[in-house]
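Residues in the sequence shown are numbered consecutively from 335, following UniProt numbering.
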Amino acid sequence: ETPSQPLQFDIQDLTFRYETKDVLNHLSVTIHAGEKVAILGRSGSGKSTLASLLRGDLIPSDGTVLLGGVPVHHLQSTISQYIGVIQQEPYLFNTTILNNIRLGNEQASVEEVWDVLQRVGLKSMVEQLPDGLATIVDEAGLRFSGGERHRLALARILLQNTPIIILDEPTVGLDPITEQAVLHTFMHELQDKTLIWITHHLQGIEAVDRVLFIEDGQLEMQGSPEYL
Ligand code: ATP
Ligand code: MG
335 ETPSQPLQFD IQDLTFRYET KDVLNHLSVT IHAGEKVAIL GRSGSGKSTL ASLLRGDLIP
395 SDGTVLLGGV PVHHLQSTIS QYIGVIQQEP YLFNTTILNN IRLGNEQASV EEVWDVLQRV
455 GLKSMVEQLP DGLATIVDEA GLRFSGGERH RLALARILLQ NTPIIILDEP TVGLDPITEQ
515 AVLHTFMHEL QDKTLIWITH HLQGIEAVDR VLFIEDGQLE MQGSPEYL
């Protein structure tokens, strides 16, 4: 199946439980195409679980997640054309920086790779590595800091150029100036894209259209960021 309508998320009566633990409890909300949304909630409130459900990586225990009118888990492998995700622990592979960034977008040029590195504030760091883009990122990404790993993943997402981007705490480990720059890139340069930004702090929140607060598996509150 493919979405026939604008790429709006309709989250309908979504319930999710791990074996014994109830995480989401009859959550309903719509996220419009092109909207910039922040999802806030305490640690353990189910934000990362929701991100996995939005991408169809988990199947709802009850209720549905529709994207453009189609249940996301019916989109299967084509989902990656629509949604780019950076998980809370960004996934890096034991290959070069170039390959890590081009993942899922192998036809991108080296110039385009440098461009996205610039946009996430990593260009000069990579330029200074003796092997540059050919530097091997070991699997755990241990030669890079947490913030740098997040930024490598952000560069990959920018290059993939999907209409929907889900970022799970992507600025953890960034200094405030870099965080501001990264937020600016995602909120303002990517005007036409849907952005779902999972965070548990308020930094940069004024740039989103709407904030969703999750608590006890439900939508506790939502509104524009001015009202926080
Ligand atoms: P944080 O802000 O710390 O990242 P979160 O809001 O993203 O938290 P989730 O990771 O979605 O929270 O987890 C929600 C709840 O589900 C937590 O209580 C967590 O312990 C539990 N949980 C998460 N993953 C699993 C799993 N694979 N099996 C069982 N329970 C899980
Ligand atoms: Mg989480």
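All C-beta atoms in this analysis are idealised placements derived from N, C-alpha and C, irrespective of residue type, glycine included.
This structure is a prediction, so every number in the text was calculated from the model and none was measured.
Reduced DSSP category for residue i - H, G, I as helix; E, B as strand; rest coil
{"i": "ALA367", "result": "coil"}
{"i": "SER379", "result": "coil"}
{"i": "ASP449", "result": "helix"}
Residue j beta carbon less than 8 Å from that of residue i
{"i": "ARG389", "j": "ILE345", "result": "no"}
{"i": "GLN421", "j": "ASP502", "result": "yes"}
{"i": "LEU392", "j": "THR398", "result": "no"}
{"i": "LEU361", "j": "GLY557", "result": "no"}
{"i": "LEU426", "j": "LEU486", "result": "yes"}
{"i": "VAL471", "j": "LEU488", "result": "no"}
{"i": "ILE491", "j": "LEU467", "result": "no"}
{"i": "ARG376", "j": "GLU554", "result": "no"}
{"i": "PRO510", "j": "GLU540", "result": "no"}
{"i": "residue 564", "j": "ILE373", "result": "Past the boundaries of the shown model lies residue 564; the chain is included only from 335 to 562, so the question cannot be answered."}
{"i": "LEU456", "j": "GLU482", "result": "yes"}
{"i": "GLU513", "j": "GLY538", "result": "yes"}
{"i": "GLY380", "j": "SER338", "result": "no"}
{"i": "ASN340", "j": "ALA367", "result": "Here the sequence assigns Pro to residue 340, which means Asn is not the residue at that position. Going by C-beta atoms, PRO340 is nearer than 8 Å to ALA367."}
{"i": "THR519", "j": "ARG477", "result": "no"}
Cβ of residue i within 8 Å of any chain D Cβ
{"i": "THR519", "result": "The structure shown contains no chain D; it is built from a single protein chain."}
Proximity test, residue i beta-carbon vs the ligand MG heavy atom, cut-off 7 Å
{"i": "SER386", "result": "no"}
Proximity test, residue i beta-carbon vs the ligand ATP heavy atom, cut-off 7 Å
{"i": "SER558", "result": "no"}
{"i": "TYR352", "result": "yes"}
{"i": "GLY480", "result": "no"}
{"i": "SER377", "result": "yes"}
{"i": "HIS360", "result": "no"}
{"i": "HIS534", "result": "yes"}
{"i": "LYS355", "result": "yes"}
_Pocket of the ligand SAM (residues with CB nearer than 7 Å to any heavy atom), chain order_ = Here the bound small molecules are the ligand ATP and the ligand MG; the ligand SAM is not part of this structure.
*What are the complete alpha helix (DSSP H) segments, minimum 4 residues, inside the stretch 370 to 440?*
381 to 388, 406 to 409, 413 to 416, 431 to 436
*Please specify which runs of the beta strand (DSSP E), each continuous and at least 3 residues long, are wholly inside the stretch 451 to 478, giving them in chain order.*
none
_Length-filtered (4 minimum) alpha helix (DSSP H) runs lying within the stretch 479 to 553_ = 480 to 494, 510 to 518
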